[in-house]
Every structure is written in structure tokens, then in C-alpha cells.
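Residues 0 to 175 (numbering that gives the first Met the number 0) are what the sequence shown spells out, left to right.
Here is the structure we will look at.
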Amino acid sequence: MRWRRRYRRISVASSGVSMLNRVGLIARGLAAALLVLVSARLAAADEKRLPVPAVAIRAGELIRDDMITERTFAPNVLGVAMFIEGRQVLVGRMARRALLPGQPIPTNSVEDPWTIARGAMVKVVVEDSGLSIVTYGAAMQSGAPGSLITVRNTDTGVMIRAIVQPDGTVRVADGS
0 MRWRRRYRRI SVASSGVSML NRVGLIARGL AAALLVLVSA RLAAADEKRL
50 PVPAVAIRAG ELIRDDMITE RTFAPNVLGV AMFIEGRQVL VGRMARRALL
100 PGQPIPTNSV EDPWTIARGA MVKVVVEDSG LSIVTYGAAM QSGAPGSLIT
150 VRNTDTGVMI RAIVQPDGTV RVADGS
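What follows is the structure in C-alpha cells.
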């Protein structure tokens with residue numbers, strides 16, 4: 000008889016402990032679910048929408064509006080790299096390297112389109128104190144308006160540093 004009473008006490012005590020364990024497990028489960036919901040909400044708030052190529056864009060190709068779409072990225076996926084954040088920055092510019100569909104576009108992957116291609120014959124203009132001299136040269140580099148490129152004078156073979164103009168000519172930089 001004595002043995003049965005002890006057994007009952009143990010079983011009652013153990014059932015009380017298991018009830019506390021169940022309540023604790025339920026509370027922990029609810030806290031974990033709440034934590035997941037809160038972190039998902041915070042992650043959604045930090046997500047960035049970036050323009051990405053809809054199709055593969057080759058190096059040297061002009062970027063059109065229909066080549067770009069947008070995609071959402073989590074901040075931990077992007078890391079510390081600098082990516083272009085606006086579609087308007089891309090349209091009308093030229094890809095410096097191949098851009099893959101669905102991938103964010105680094106800021107150094109696009110440039111202004113070239114007005115002058117490497118190897119092209121260009122009109123070289125030198126102006127000083129009202130005097131204007133015009134000659135022709137071969138562009139040693141490609142360049143967009145405002146960029147400084149090297150041009151070889153076809154008559155003398157001398158290398159000249161010149162600034163690309165919007166009309167496709169080059170103007171000799173001071174000191175060249």
C-alpha cells in the first residue's frame with residue numbers, strides 16, 4: 000500500500016511537470032513564430048528593387064528601356080557592392096561588359112555611348128587667340144563627349160591628347 004501512494008505521488012508530480020513543460024513549449028513555439036513574422040516583416044521592409052537586364056546585354060551594346068526589368072533583392076544578397084538603383088540611369092547608356100539577365104548591374108558596368116570609336120579618323124581642331132587649325136588624326140581610344148583621348152596625327156605621327164566634342168570632332172587639350 001505504501002508503495003502505491005509513493006507511485007501516485009510521483010506520477011502526479013511528473014504529470015504536473017509535463018504540464019508545465021507543455022505550456023513552456025507552447026509559449027516558446029509562439030515566441031518563435033512571432034519572431035519569424037517580425038523578422039520577415041523587417042526583411043521585407045529592407046528589400047531593394049533594382050533594375051536588372053531582362054535579356055543578355057553584350058559589351059558595347061546600347062541599353063534600351065525594353066531590355067530592363069526590376070527585381071527585388073534582400074540587403075544581405077547585395078553585399079557592399081554599388082549597384083545602379085534607377086532605370087533612368089541605364090537607358091541610353093552602353094554596357095562596358097556583358098550583363099546577365101536577372102543580375103543587379105554594378106555602377107562601373109555602364110558608360111556613356113561613344114561618339115568616337117578606336118581607330119576612327121577624326122577631325123582635330125586647335126584654337127588659340129582666334130586662330131583655328133584643323134587637321135585629321137586616328138583615334139587611339141574610344142571616347143564619349145567630354146572624355147580625354149589620345150589621337151595620332153596622321154601627317155606627323157605625333158600623339159595628341161584631345162577632348163571629344165559632341166559633334167564627333169576632338170579639340171586639343173591645353174598643354175598637348
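Even for Gly, the Cβ is constructed at its ideal location relative to N, Cα and C.
- For the region 116-144, there is no continuous alpha helix (DSSP H) assignment of 4+ residues that stays within its boundaries.
- In this structure, ARG57 is the residue among ILE115, ARG57, GLU126 and THR168 with its C-alpha nearest to the C-alpha of ARG95.
- In this chain, VAL54 is not harboured by any alpha helix (DSSP H), its DSSP state being neither H nor E.
- Within the DSSP secondary-structure output, GLU69 pairs in a beta bridge with PRO50.
- The region 126-136 makes no contact with the region 80-100, as fewer than three CB pairs between them are under 8 Å.
- Contact between GLY136 and ILE162 does not hold, since their C-beta atoms are separated by about 13 Å, which reaches or exceeds 8 Å.
- Residue environment analysis places ALA138 among the buried positions, since at least 16 neighbouring C-beta atoms fall within 10 angstroms of its C-beta.
- Around the CB of MET66, 16 or more other CB atoms lie within 10 Å, so the residue is classed as buried.
- Counting C-beta pairs with one atom in each stretch, the region 69-80 and the region 101-121 have three or more that are closer than 8 Å, which means they touch.
- In the three-state scheme derived from DSSP, where H, G and I count as helix and E and B as strand, ILE148 is classed as strand.
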